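**Student:** Starting off with a structure, shown below.
Number of protein chains: 2
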Amino acid sequence: EELNGVGNLMDFLDEPFPDVGTYEDFHTIDWLREKSRDTDRHRKITSKSKESIWEFIKSLLDAWSGWLVMLLIGLLSGTLAGVIDLAVDWMTDLKEGVCLSALWYSHEQCCWTSNETTFADRDKCPQWQKWAELMTGYTEGAGVYLLNYFLYVLWALFFSFLAVSLVRVFAPYACGSGIPEIKTILSGFIIRGYLGKWTLLIKTVTLVLAVSSGLSLGKEGPLVHVACCCGNLFCSLFSKYSKNEGKRREVLSAAAAAGVSVAFGAPIGGVLFSLEEVSYYFPLKTLWRSFFAALVAAFTLRSINPFGNNRLVLFYVEYHTPWYMAELVPFILLGVFGGLWGTLFIRCNIAWCRRRKTTRLGKYPVLEVIAVTGITAVLAFPNPYTRRSTSELISELFNDCGALESSQLCDYINNPNMSRSVDDIPDRPAGPGVYSALWQLTLALVFKIVITIFTFGMKIPSGLFIPSMMAYHHHDWIIFKNWCRPGADCVTPGLYAMVGAAACLGGVTRMTVSLVVIMFELTGGLEYIVPLMAAAVTSKWVADAFGKEGIYEAHIQLNGYPYLDQDEFTHRTLATDVMRPRRNEPPLAVLTQDSTTVEDVETLIKDTDYNGFPVVVSHESERLIGFVQRRDLILNIKNARQKQDGVVSNSVVYFTEDAPQIPASNPQPLKLRRILNLSPFTVTDHTPMETVVDIFRKLGLRQCLVTRSGRLLGIITKKDVLRHMAQMMNQDPESIMFN
Amino acid sequence: EELNGVGNLMDFLDEPFPDVGTYEDFHTIDWLREKSRDTDRHRKITSKSKESIWEFIKSLLDAWSGWLVMLLIGLLSGTLAGVIDLAVDWMTDLKEGVCLSALWYSHEQCCWTSNETTFADRDKCPQWQKWAELMTGYTEGAGVYLLNYFLYVLWALFFSFLAVSLVRVFAPYACGSGIPEIKTILSGFIIRGYLGKWTLLIKTVTLVLAVSSGLSLGKEGPLVHVACCCGNLFCSLFSKYSKNEGKRREVLSAAAAAGVSVAFGAPIGGVLFSLEEVSYYFPLKTLWRSFFAALVAAFTLRSINPFGNNRLVLFYVEYHTPWYMAELVPFILLGVFGGLWGTLFIRCNIAWCRRRKTTRLGKYPVLEVIAVTGITAVLAFPNPYTRRSTSELISELFNDCGALESSQLCDYINNPNMSRSVDDIPDRPAGPGVYSALWQLTLALVFKIVITIFTFGMKIPSGLFIPSMMAYHHHDWIIFKNWCRPGADCVTPGLYAMVGAAACLGGVTRMTVSLVVIMFELTGGLEYIVPLMAAAVTSKWVADAFGKEGIYEAHIQLNGYPYLDQDEFTHRTLATDVMRPRRNEPPLAVLTQDSTTVEDVETLIKDTDYNGFPVVVSHESERLIGFVQRRDLILNIKNARQKQDGVVSNSVVYFTEDAPQIPASNPQPLKLRRILNLSPFTVTDHTPMETVVDIFRKLGLRQCLVTRSGRLLGIITKKDVLRHMAQMMNQDPESIMFN
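Dropping the structure here:
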């Protein structure tokens, strides 16, 4: 009879209750456990697949589901990127005017479809009317200018108000760039809802609004977040991914690659970005699948063709002139500038964000957004380089001055005797347009630098790739122009803008290979890889000299996320210095293998908030048997009390194979060996912390037990490791907030 | 007095004897130990750097030495690749004839420098004379043909005899592709001399000879070996790398990337190849440095410009015609073909190599090489597609038929009324040249397939990238030609050759991302990435269906190297099933912390060949204290016996902090705590083997101790893990030969 009862219990435990094996919000996952759960699942499917054809097909479907998810992610994120591009284009122009022939046309589309315009006047067409023109009928005059100005600011305020309100009401996680959080999630942290459906929807909509409002922010970081939301969405279709936090993160890594792929039109760069910057666990299988997802996304976007140029990004360029060795000097100077700018930006931005977090400022996010938008719009309108969207500006700066270029930057004095080919432009003296453009650009640079510091981190979707790229240095080339031999092909101004962009982006994010590869994919040739490399290396070295962390790591630290970065731990501490309990602290909360009662366990659970408890032979010997999760204990005891007869507060809980010898008068004992992890991770107290950190990082542990010659001494959790690391770097250990 | 003695001993131990901490030949390194040694070194330098300016400069030099090594590797491997290319070009032509104006000119260079030739006859010039012409004066006739034939074969035999003799006499490790061994070395195995200076020199020379002899082998794999030798060479300049096997492997990973970069002219592909295919431990720092080394190597090669086309490889192509969706069907078929060919090749080649290893065949390597060269040369000469070097052939196949192309493959019947543009070729009917070329190509394909199986694995430098790429499928396009609408741009034959090459290479090596990226860098555009991707994916799937391992893994297994691959271990065994001692075996050889005598230790060392011994509290309690290396024990006892008074056979060896209580009459005890590893890695006997495999792989362990509730039960070494894995896959566990 009693044996039967145990047998029933076993069957019952074979089907775990719904929540067993899941994690609580803001907790760290255990990678080893997730991995072995997946292997179990895989084994089950493999053995079942031999039973029937249906099971075999099911096992094939399971094996292919990974590729299917990648395909879906690629398709959806490519489509969303295309839609966002089109919408931003239309809404940015909506701030200036409207297309009368079709309201949903952007300025460029409106005039392209009009057959009344010549190529030279392709920006002007009767169908496109500025608001003031539409309302008053006049096209010139101070009043008209002021009315346009006023309406421009009004639209900007309206867009940003809409964005911040949507975020606040529907999806608070949709704000910001998302990359720090995605890095943390990929390293094995749970933030429920951060990659949810609502976040996806609201982030897409508000991203369009925020970019269109003219704020100094880019769509690149948020696109990574959007792609990761897509990844999470499709994960929920397959239990293989939805029920395993480890497998889910493999999909998310690939989704991040797809996101960068569509943001920059650089599939290989996207994969390397995911590998280098955001991912934590990146097996080769994921590399291959990420590449697939990134390619699908890139081709989906290309078939949507949002910019009408058959390219994935607005600022794709192809240069044709070579560069000279002597030019390496300004390129390296650009690198130094980029590194300094990166350091400055990170410091100022973090200081401002900390201020926002700790003072009353953080209580009025809507007001803050409105204020920044207002200031941005008011200051941006008078300068033609800041009035337009940042990607249009970058596109213009990157471009070579061609014969057909109408940009003021290309306003060189034309010599009618010379043939107007692309290459002879540097021979001509610069016209007044170039000088005025340079002034405007310098103002734009200063303005963007300052405003971006305040913008990044506000409560709306914001990326900083593009704003960082903006902060290039465009003065060198005018100096060089004088230095060049007349008649020879000279420097390519666009190249300087691009190298400067790479340097600044490198200084801010500390990307290395992925940055160079993204730029390489943008220029489409090996020709300019040396300048880019020189600038990126210099920029990283200069920036690293002032502080090792990039903007994302800085924001992770600011928010206290439990992220274990790849930097080497070089201090000489031992496991015994980090483990808990410390001296003077109460002894470690442990369970014994066969002498704790249900009531004892319940008291322990109530009195402490540890995630799990070590199980030892007895309080005297302290020899370690295994480790049991708090969550599993709670669920099992609750279930046993409800469904298993004879389990009362006085029942002994045992973790051994056989029930302990107890007098017949005692209540029925409760066997919990099923939830006992018999292979907890242990290190000795003499293990150097650098090894412990390495083990935590590489194996993705949640906790590790410390022993000395077989006796349990203490426990080290991921939080303890992070706190210790913060302490060693003279930072506040209490800044690590989550467990 | 006694305390003083101990103090002296401590000082003496502070300067370890020369061999402490090194590994024996054919042994596995302990990655965790190497890493912590490097951290110690780094700490020392950092703390010293504050003492004086000179120490500060030294610390800066130390920090920059990594980049310096990368620069040197890039320069040397780029130069060597250029020299090899030039020498192969010259010597391949030497088999046919000689340039009278300058003996060191190849055929092409000879005629380019001659000003008597027109462009159409650029292959013919009076300065270039075939051997028969030079000897007899006649240029035509059967006798002349036969004499040329005979001399061609003779030269081939001479080259290959020279190559195999040089390898046998001077550097036996210079044979083969080298990639399986490099994979094993990078995973943490010691093969002394495999990357030595002699190997570098002889491999470079014999590679030229082997390729020039016309054997069906490529220079790509050996170039990786050559680059790794360069890496090892420069490591010896810096104690940071030469004295730390872990750090040395970081440099070697980067060198492998540089090797692929020059072999294919694909720096990004090289880095991904190193990451995906050969490297084991690849931190982000290495990624960035590898990229640098790969770029330097590529630019060095480009400045040497061995092919005179300003490209890094002979077969760089730029296609201009788009491809159609319907073409995906033949591309996927090519993938299937590639996968099947890969499987077939691996099976046949491994069967042949096993035969060579186990039968008398292996005893006559020189004869084997001579025989294969003879057969290759005799069969190759009559067919113009096999007579030339394989890379020239590939270059011709990859190329579009342009108006200036003199290749027989482009012998379409010209319609004089039509303008001779590049794109209209498909409209013209194929001439007789195309049909005869097709026949010859088919024969060449069959011939190459068969001969490569026998060539790869012979005792001369041989790579198989290029031969695999040869085995493309060139029939489809003639079918498609009829299917195309006349007047429209149709299929690009070169693209089919390239997709076929990618498919075959994928089938043989199971490369994925790196393969597509290398091909992408060869074509220089995103346009053809989808066909390449489709073929690569199909090829890998088809080939994987027949067996998971690529050619390199198969050769690693054939040679019994201790290589732990990245595949997931899915069996349900536990640590207790794998650990030693097994049941019925004698108990584990252990030392006790304070009761073993010097003589006991010496007996244990003599009687066993274990690499190390666990140290326990006592034989009764079996509680684990630490682990001590065999090598360290031998060295320390030998030294103590020589230099330390009072240490005799009867002395007690102790590993505790304080000397054990012993009677005054006993000899002086020997303290060995310094060599005791106080943090040996342990797992419980219940740990699933999948976790153990994961730990071995990720942490790079050499051995792991198995405990149950604090008591030492056994030990698992890397060899045990590999044997167990072989057993689980129904392979002979004794095939794992090294430890």
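Chain order of the listed sequences is A and B.
Heads up: the first sequence at position 205 corresponds to 205 in the UniProt record's numbering, and the numbers run straight through without jumps.
Heads up: the second sequence at position 86 corresponds to 86 in the UniProt record's numbering, and the numbers run straight through without jumps.
Idealized CB from N, CA, C, for every residue including glycine.
Everything numeric in this text was worked out from a predicted model, so none of it was measured.
#1: Less than 8 Å between C-beta atoms, sequence neighbours within five positions excluded: which residues of the same chain meet that for B:W131?
#2: By the criterion of Cβ-Cβ separation under 9 Å, what are the contact partners of B:E690 in chain A?
#3: Give the C-beta separation of A:A257 and A:G270 to the nearest angstrom, bearing in mind that I take them to be a contact with Cβ-Cβ under 8 Å.
#4: With three or more beta-carbon pairs closer than 8 Å as the criterion, would you say the stretch 711-726 of chain A touches the stretch 561-575 of chain A?
#5: Which chain B residues are close to A:S709, counting only those with a beta carbon under 8 Å from its beta carbon?
#6: Nearest to A:F456 by CA position, among A:L713, A:K219, A:F655, A:K606, is which residue?
#7: Would you list the residues sitting across from A:L676 in a DSSP beta bridge?
#8: Just to check, is the beta-carbon of B:Y241 closer than 7 Å to a non-hydrogen atom of the ligand PLP?
#9: Just the chain B side, please: which residues come within less than 8 Å of A:K698 by C-beta, in chain order?
#10: Going along the chain, which residues of the stretch 250-271 of chain B sit with their C-beta nearer than 9 Å to a C-beta in chain A?
#11: Look up B:Y152 in the DSSP assignment and say whether it is helix, strand or coil.
#12: In this structure, how does DSSP classify A:G97 when only helix, strand and coil are distinguished?
#13: For chain B, check one thing: does any of its Cβ atoms lie closer than 8 Å to the Cβ of A:V366?
#14: Since A:F238 is in the alpha helix (DSSP H), which residue starts that stretch and which ends it?
#15: Counting only C-beta atoms, is A:D720 closer than 8 Å to chain B at any point?
#16: Under 8 Å, Cβ to Cβ, is there at least one residue of chain C near B:W54?
#17: Sorted by chain position, which residues of the same chain lie with C-beta nearer than 6 Å to B:N677's C-beta, five sequence neighbours on each side aside?
#18: For a contact meaning CB atoms closer than 9 Å, what does A:V683 contact in chain B?
#19: Over the uninterrupted beta strand (DSSP E) stretch that includes A:P614, give me the two end residues.
#20: Excluding the 5 residues flanking B:V251 on each side, which residues of the same chain have their C-beta closer than 7 Å to its C-beta?
#21: In terms of alpha-carbon separation, which member of B:V653, B:L272, B:N305 lies closest to B:F292?
#22: Please determine, among A:L201, A:S261, A:T39, A:E327, the residue with the shortest C-alpha to C-alpha distance to A:L515.
#23: Give, in chain order, every unbroken run of the beta strand (DSSP E) that is at least 3 residues long and sits entirely within the stretch 29-103 of chain A.
#24: Check the Cβ of B:W288 against every Cβ in chain A and list those closer than 8 Å, keeping chain order.
#25: Compute the Euclidean distance between the alpha carbons of B:N730 and A:I332, then round it to the nearest angstrom.
#26: Under the DSSP definition of a beta bridge, which residues are partnered with A:F189?
#27: Counting only beta-carbon atoms, is B:T576 nearer than 8 Å to chain A?
#28: Using only CA atoms, which one of B:R708, B:L237, B:V336, B:T46 lies nearest to B:S65?
#29: Could you pull the DSSP bridge partners for B:R623 from this structure?
#30: With 8 Å as the threshold, decide whether the Cβ of B:P283 is near any Cβ in chain A.
#31: Of the residues B:L301, B:Y280, B:A254, which one's Cα is nearest the Cα of B:F264?
#32: Please name the residues in the stretch 635-660 of chain A whose beta-carbon is closer than 7 Å to at least one beta-carbon of chain B, in chain order.
#33: Tell me, to the nearest whole angstrom, how far the beta carbon of B:D685 is from that of B:L713; I am working on the premise that it is less than 8 Å.
#34: Does DSSP put A:V382 in a helix, a strand or coil?
#35: As a quick exercise: from B:L367, B:T707, B:R702, B:M533, pick the residue whose alpha carbon is nearest that of B:S187.
#36: With the cut-off set at 8 Å, would you say A:S253 and A:G221 are in Cβ contact?
**Tutor:** Well, looking at it:
#1: E96, G97, V98, L147, N148, L151
#2: K35, S36, T39
#3: 4 Å
#4: yes
#5: V617, R623, L624, I625, G710
#6: A:K219
#7: A:V628
#8: No copy of the ligand PLP occurs in the structure displayed, which carries no ligand at all.
#9: K698, L699
#10: G265, P267, I268, V271
#11: helix
#12: strand
#13: no
#14: Counting along the chain, A:F238 falls outside any alpha helix (DSSP H), and DSSP gives it neither H nor E.
#15: no
#16: The displayed structure is made up of protein chains A and B, and chain C is not among them.
#17: G626, F627
#18: S679, F681, T682
#19: 612-616
#20: V69, G231, C235, Y241
#21: B:L272
#22: A:S261
#23: 97-99
#24: T512, V513
#25: 58 Å
#26: A:T28
#27: no
#28: B:L237
#29: B:R711
#30: yes
#31: B:L301
#32: none
#33: 6 Å
#34: According to the sequence displayed, residue 382 of chain A carries Pro and not Val. A:P382: coil per DSSP, three-state reduction.
#35: B:R702
#36: no
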